[in-house]
Amino acid sequence: MRALVLAGLAVGLGLSPACASDPIDGQIDGQNDVDQTGALYPRDGRRDLTADDRLRFPGAGVLWCRRPDGVPRKAAAAWLIGAPTLVMLNAHNFRNRQLETTRIVSDCYFQIGGRNYDFVADSLALGVARDAERLHITDDWALLRLVQAAEAPIQPLPEAPPDLTTGDLTLPVTMVSPGGHGNYRGDNSLETCSIRRVDPPTEGGTRRARHDCNDGYGGSGSGLFDEAGRMVAMQSASLSMNSRHAFDIEFHYGSALLIEGALLDALRTAAKAAAGAPR
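Take a look at the structure:
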């Protein structure tokens, strides 16, 4: 079994490339990542986000968390989606493979549009089932509520699940990484790349998308958008982050969870609740 390294706060996966339901593992701080200027693949098409990009892909924000010494550190991408108080991000920012708590919500905050927003401390909703014993790619999602509404454009909820067939395909996408990557020079990035395979549904009726987008520490939670600008998936992890070679559908690829199944249901429920909440 090869090691998958999460491109986010938990920075580690352990899963077999054959199965989307294999569990997430945890390591620390991208210690096996490629160097600061390297890419996972020979082609690196990443560039900095522009003002126009932020208009086209609204809701792009960053999760910041404080170290034990109290110093804030950029952790991962996060999305203001469906409501001005609703944030979507990866579960592995707060739980490891064994679902043990690695950080508490009150140690973190959401940054968007140059402003910081605190989370409601007890609002963390995880994608894992109540009887789950491990964290997987397809349940590596979490929702949080903000104490106050963010004054920033919101990523709209998908009207329907992605219309993607299970199996091999080539779907052009844009990977938007508001948190940047440890192996990219800028504070954020955008890259045109492709989803290359959609695995059968596993946890929560959700499917994993294997893609060839470059990734690095801080890149988890990045959004994958189709050519129409619809958000179809959220990045979870990349396989063999400590190596740089050509994309391989079995041994060197990125994993994102499609916005469908239990995740889409939870987003709709949370957005509806937020719309009815007093402000």
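Residues -20 to -1, 1 to 259 in mature numbering (1 follows the signal peptide of the UniProt record, and there is no 0) are what the sequence shown spells out, letter by letter. Note that the Cβ used here is the ideal one computed from N, Cα and C, for glycine as well.
Item to check | alanine 242 - partner residues in DSSP beta bridges | outcome: Partner(s): none; alanine 242 has no beta bridge.
Item to check | Inter-residue Cα distance where the pair is alanine 129 and tyrosine 89 | outcome: 13 Å
Checklist entry - Is alanine 57 closer than 8 Å to valine 42 when the C-beta atoms are compared? => result yes
Item to check | C-alpha distance - glycine 93 paired with glutamate 183, whole-angstrom precision | outcome: 33 Å
Item to check | Pairwise C-alpha distance: alanine 226 and alanine 122 | outcome: 31 Å
Item to check | Simplified DSSP state of valine 85, which is helix, strand or coil | outcome: helix
Checklist entry - Applying the criterion that 16 or more other CB atoms from any shown protein chain within 10 Å of the CB defines a buried residue, is valine 153 buried or exposed? => result buried
Item to check | For arginine 248, three-class secondary structure by DSSP | outcome: helix
Checklist entry - In three-state terms, what does DSSP make of glycine 94? => result coil
Item to check | Candidates Arg190, Gly25, Asn163, Asp98, of which the one nearest valine 178 by Cα | outcome: Arg190
Item to check | Extent of the continuous alpha helix (DSSP H) run through aspartate 119 | outcome: Premise fails: aspartate 119 is in no alpha helix (DSSP H) and is neither H nor E.
Checklist entry - Taking the alpha carbon of residue 269 as the point to measure from, which residue in Gly209, Thr150, Asn194 has its own alpha carbon closest? => result In the structure as shown, the chain begins at -20 and stops at 259. Residue 269 is therefore absent and cannot be evaluated.
Item to check | Cβ neighbours of phenylalanine 99 in the same chain (closer than 8 Å, five flanking residues each side left out) | outcome: Val67, Val85, Ser86, Cys88, Tyr89, Phe90, Leu124, Arg125, Leu126, Val127
Checklist entry - At what residue ranges does the segment 140 to 208 contain a whole run of the alpha helix (DSSP H), taking only runs of 4 or more? => result none
Next on the checklist: Going by beta-carbon coordinates alone, are leucine 69 and serine 218 separated by less than 8 Å?
Outcome noted: no
Next on the checklist: Using C-beta distances below 8 Å, list every residue in its chain close to alanine 55, excluding the 5 sequence neighbours before and after it, in chain order.
Outcome noted: Gly(-13), Leu(-12), Val42, Leu43, Trp44, Cys45, Asn73, Cys88, Gly159, Gly198
Checklist entry - Going straight from the alpha carbon of arginine 110 to that of arginine 165, what length do you get? => result 40 Å
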